[in-house]
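Following: one structure in structure tokens, then a few remarks.
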Amino acid sequence: MIASATFIGAISIVGWLDWATPPVLLFLVILFSLAGPLGAAGTRTLLPRLVPSHALDRANALDTAIYAVVDVVGPAMAGIIVAWLGPESAMSVISFSYAAAAICLSFVPLLPGLASRQISFMQQTVEGIQIVARQPTLRGLAISYSMYQVTWGVLYVVVPVFVASHYDASVGSSVTGFLWAAMGIAGGIGALLAGHLRTTGRERHIMAIGMVITALAAWPVAAKFGFGGLAIGLMLAGVMSGPIDVALLTLRQRRTDPQQLGRVMSISMSLNLAGFPLGSALAGMVITSSLSATFVLAGIASIVAAIATISIPSDIKSVA
């Protein structure tokens, strides 16, 4: 988080100094992109060590719900600050937010390290990749959630195009923003619901059911029933994203050796998100020929994700 605050602050400073050339910005953004996953993985690695095992799914539910709220509030705040004070000030606020988060994290009790310090960082990274590739649960989650993210990558491309075909350009962006905001709120509600229902031991089935419903929400609900169908489909997908994310986190934490959790979390989180840009790229190619086929692509990706999830070994067969 300190590194993220530093790199974002540097982007703000070079903007004020008029040094914000494309190479400089690209360099700073790459550094930030390397630091960001480490902070996210670190906080989620702490959860299993701070809460009892029977409350892990509820802790993950609260964590996911907070992320969903931030996904809605953050862009809105950024838009207001940019319009009022400019982009450099907005980047400064983000930098201060990361710094404040690091300060808050300093109050968390210092826990003894579990990983070995006798090997280099690169060797730990290679070993982490090998663990994810060899462990059936982690490998299955990497495949299934990546395919699920393909669905979201497709939706982020097709939804604005769908809205533009039904509304004038003057209001289309506002309508799209409203849809994403409502979907984010639905995701937070779904995450809290998942915590109430208790996902521990049922993660595979919850993820698979949520992915199938997401597939149906993408096609035919969103594709075949006009703007109302699109809104309902996105709400369904948003509500299902909460339980899916909570189940993913809980299952991965339960079936990973605590001594390996940090590196496994960092690597698997990066692999899980790989499907999003792939989905966006595929949607960009398909959407030029058929809007409906793009929604079908989103649905197929979630069905494949559900099949991959069910293929993950059950608790009885799994090896921690």
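Those letters in the sequence shown? Residues 184 to 503, per our numbering, in order.
Think of the CB as a built atom: it goes at the ideal place given N, C-alpha and C, for glycine as much as any other residue.
Taking C-beta separations shorter than 7 angstroms and ignoring five residues to either side along the sequence, the partners of F410 in its chain run H349, following chain order.
Between G445 and G225, the C-beta gap is smaller than 9 angstroms, which places the two residues in contact. A check of alpha carbon separations from G370 across A491, L200, Y250 and I495 identifies Y250 as the nearest.
DSSP, reduced to helix, strand and coil, places I302 outside both helices and strands of the structure shown, so it counts as coil. For P231, the uninterrupted alpha helix (DSSP H) segment begins and ends at P205 to L233.
In this structure, T397 keeps its C-beta atom at 9 angstroms or more from the C-beta atom of I372.
With a beta-carbon spacing of about 5 angstroms, T477 and V341 fall inside the 8 angstroms limit used to define contacts.
In the structure shown, T433 adopts helical secondary structure according to DSSP, grouped into three states. With respect to G323, L376 sits apart: the two C-beta atoms are not nearer than 9 angstroms.
Scanning V404, S289, S275 and V469 for the CA closest to the CA of G198 turns up S275. As the crow flies, the alpha-carbon of G458 is around 14 angstroms from that of I450. Going by C-alpha positions, V315 is about 28 angstroms away from A285. Distances from the CA of L432 to each of A238, F210, M184 and V207 were compared; the closest alpha carbon is that of A238. The alpha carbon of V333 has as its nearest neighbour, out of I277, F279 and A401, the alpha carbon of A401. It is roughly 28 angstroms from the alpha-carbon of I264 to the alpha-carbon of L245. The beta carbon of F215 lies closer than 7 angstroms to those of S187, F190 and I191 in the same chain, with the five residues before and after it left out.
By the neighbour-count criterion, in which 16 or more other beta carbons inside 10 Å mark a residue as buried, Q306 falls on the exposed side. The C-beta separation of A248 from A374 comes to about 4 angstroms, placing the pair in contact by the 8 angstroms criterion. If you draw a straight line from the Cα of L454 to the Cα of L268, it comes to about 37 angstroms. In the three-state DSSP reduction, Y328 falls in the helix class (H, G or I). Within the same chain, Cβ atoms closer than 6 angstroms to the Cβ of T228 are found at L444, G445 and M448, the five residues on either side in sequence being excluded.
When Cβ pairs closer than 8 angstroms are counted between the two stretches, the segment 458-474 is seen not to touch the segment 383-391, the count staying below three. Here D440 carries a coil assignment [DSSP, helix/strand/coil]. Taking G219 as the centre and dropping the five residues before and after it, the same chain places the C-beta of S187 closer than 8 angstroms to its C-beta, in chain order. Pairing M418 with A365 gives a Cβ-Cβ distance under 9 angstroms.
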